[in-house]
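Residues -28 to -1, 1 to 359 (mature numbering (1 follows the signal peptide of the UniProt record, and there is no 0)) are what the sequence shown spells out, left to right.
Don't be surprised by glycine CBs; every beta carbon is placed ideally from N, CA and C.
Some notes on the structure that comes next.
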Amino acid sequence: MPRSLRKAGAVLAALTAAGLLTAPAADAITGGTPAADGTYAFTAQISGAHGCTGALVAPQWVLTAAACFGPAPLPAGPPATPYTATVGRADLTGTAGHTVKITTLVPATDRDAVLAKLALPIVDIDPVPLATRAPAAGDVLRLGGYGRTADKWVPDRLSTASFTVSGINGSTLAVTAVTGDATTCMGDAGGPALRENGTQVELAAINARSWQHGCYASTETRQGTTETRVDDLGAWVSQVTAPVAASIVGKASGQCLDQAWTDGQEHPTVNAWQCWTPTSDNQKWTAVWTARDTVQIVNSLSGKCLDQDYTGGQPHPTVNAWQCWTPLTGNQQWTVQPHYEDGTVTLVNKLSGQCLDQDYTNGQPHPAINAWQCWTTNQANQRWILN
């Protein structure tokens, strides 16, 4: 049976150095071509107990192989050990893109696939859309991965190569290199198999297994690469990645964004209050993506939107809950600016360009929420934790 393409991390390195591991090493798309900077930016390099590859399919979700995180059946929930995903960095020695902690795993029940949730969304890279048509024999797919190459044990750049679909068996595909002896290797598991049509790119499958013929230090003579189909996972991906109501917590105070109980009010006030356990509906907000970097924030109690007053020259417009407008209005849309270094975000109103701001408490039990000039320094009262 072809071997798994996940690559062990620190444990593998230690065993290899000690001479205790004799299985052949593996590659990142051996026989492939290094990806140019800025291309296939949705590809993720996954690091932890094992090294793998994945693809950003929603702002806060990466689709990859379940085997990256442990043996089947993989339980849903936090990874057993820490993992991160680096997205948008073809050259791992560079600084492009973002490295984000993986917080939650949601495995598919019928194949080697898992959705990995990121601690913060990626808002400056477009997710790759899933294919909606099943691959057919003869289709050409471009496979990508950060695994080993023919001459490198630990490559530092994404590689890609073209493969032809040679067989379909339920949820898996057999693929063969278009030219040469290209194949997937350890570290490539979960990497994207892309259908390309001009400038259109869609995710048809993810890397699963190969014999690793031609991979670094491999003596295997058998050839063959297996992919896991994802073209029929659209409904599952949409369900898992759909926005979920949760609290929004101010970094400065540790208090929650709270809409007053309506009691018939047309425009309930929004303040910062003690976070209730369990979370009450007036402290639950759903961030609905309206653009790659923009959300509409809807309260679970009233169904109303977080709304900044039209400024009229006000330096600090008030923020309340109002009826959600259709079509969308700028004062009800908020640009998300993630701060990966501390796990927070800044929310910038599209109408005014001002930031969602909690008053410094000074002993106030329920500090006011307004829109204020965005400060360039680390102002904790303008930083928010999205739970």
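Please list the segments of the beta strand (DSSP E) lying wholly inside the stretch 318 to 349, counting only runs of 3 or more residues, in order along the chain.
As far as the stretch 318 to 349 is concerned, its whole beta strand (DSSP E) runs of at least 3 residues are 327 to 330 and 341 to 344.
So, do the stretch 301 to 312 and the stretch 273 to 293 have three or more beta carbon pairs nearer to each other than 8 angstroms?
Touching, yes.
From the DSSP output, in three-state form, read off S210 for me.
Of the three classes helix, strand and coil, the one that applies to S210 here is helix, per DSSP.
Starting from S138 and walking both ways along the beta strand (DSSP E), at which residues does that stretch end?
Its beta strand (DSSP E) spans residues S131 to N141.
Please report the straight-line C-alpha distance between P31 and R120, rounded to a whole angstrom.
Each residue's Cα considered, the two are about 28 angstroms apart.
Is it right to say S19 is buried, meaning 16 or more other beta carbons lie within 10 angstroms of its own, or is it exposed?
Per the 10 Å Cβ criterion, buried.
Can you grab the Cα-Cα spacing for the pair D329 / T213, in whole Å?
Distance between the alpha carbons of D329 and T213 is about 28 angstroms.
Within the same chain, show all residues whose beta-carbon is closer than 7 angstroms to that of T290, passing over the 5 residues directly before and after it, in chain order.
Taken in chain order, the residues that qualify are D281 and N342.
Quick one: give me the first and last residue of the beta strand (DSSP E) that I97 is part of.
I97 -> no beta strand (DSSP E), and no H or E assigned at all.
By the three-class DSSP mapping on this structure, what secondary structure does C24 have?
Correct three-state label for C24: strand.
Have a look at V112, G66, I97 and G116 and flag the residue whose alpha-carbon is nearest the alpha-carbon of L28.
Checking every option, the nearest Cα to that of L28 belongs to I97.
Buried or exposed: where does T81 fall if 16 or more other Cβ atoms within 10 Å of its Cβ makes it buried?
Exposed, since its Cβ has fewer than 16 Cβ neighbours within 10 Å.
Pick from G142, T155, R61 and L145: whose alpha carbon is nearest that of T132?
Comparing Cα positions, the closest option is T155.
For T136, I'd like the list of residues in its chain whose CB is within less than 6 angstroms of its CB, leaving aside the five on either flank, ordered along the chain.
Within the same chain, T136 has close Cβ partners V112, T148 and V150.
Which same chain residues, not among the five before or five after G152, have their C-beta less than 6 angstroms away from its C-beta?
The residues are G3.
Using only the alpha-carbon positions, how far apart do P(-5) and T25 sit?
In this prediction, P(-5) has a pLDDT of 31, which is less than 50 and means its spatial position is unreliable; what the coordinates show is noted afterwards. When rounded, the distance between both Cα atoms is 19 angstroms.
Using a Cβ-Cβ distance under 7 angstroms, would P240 count as near chain B?
Of the protein chains in this structure there is only one, and it is not chain B.
Expressed to the nearest angstrom, what Euclidean distance is found between the alpha-carbon atoms of P101 and P240?
Roughly 38 angstroms between the two C-alpha positions.
Tell me whether the beta-carbon of A165 lies closer than 7 angstroms to the beta-carbon of A177.
Yes, Cβ-Cβ distance for A165 and A177 is below 7 angstroms.
Extract the residue ranges of the beta strand (DSSP E) inside the stretch 156 to 233, only unbroken runs of 3 or more that lie entirely within it.
With a minimum length of 3 residues, the continuous beta strand (DSSP E) runs that stay inside the stretch 156 to 233 are 164 to 169, 172 to 182, 197 to 201, 220 to 222 and 228 to 231.
Note down the Cα distance separating Q268 from S210, rounded to an integer number of angstroms.
In a straight line, the C-alpha of Q268 is about 18 angstroms away from that of S210.
Pick helix, strand or coil for N292, following the three-state DSSP scheme.
Three-state DSSP puts N292 in a strand.
Going by C-alpha distance, which of D128, L90 and V173 is nearest T104?
Minimum Cα distance to T104 is reached at V173.
Cα separation between C157 and T198?
Approximately 11 angstroms between the Cα atoms of the pair.
If you draw a straight line from the C-alpha of R83 to the C-alpha of P45, how long is it?
R83 and P45: Cα-Cα distance of roughly 10 angstroms.
Does the stretch 339 to 357 touch the stretch 220 to 230, meaning 3 or more C-beta pairs lie closer than 8 angstroms?
These segments touch.
I'd like the list of long-range same chain contacts for S274, defined as Cβ closer than 7 angstroms, with 5 residues on each side in sequence excluded.
Around S274: Q231, T234, P240 and A293.
For I94, tell me which candidate among P299, V270 and T58 has the shortest Cα-Cα distance.
That would be T58, whose Cα lies nearest to the Cα of I94.
Would V78 pass as a contact of L92 if the rule is Cβ separation under 7 angstroms?
Not closer than 7 angstroms, so no.
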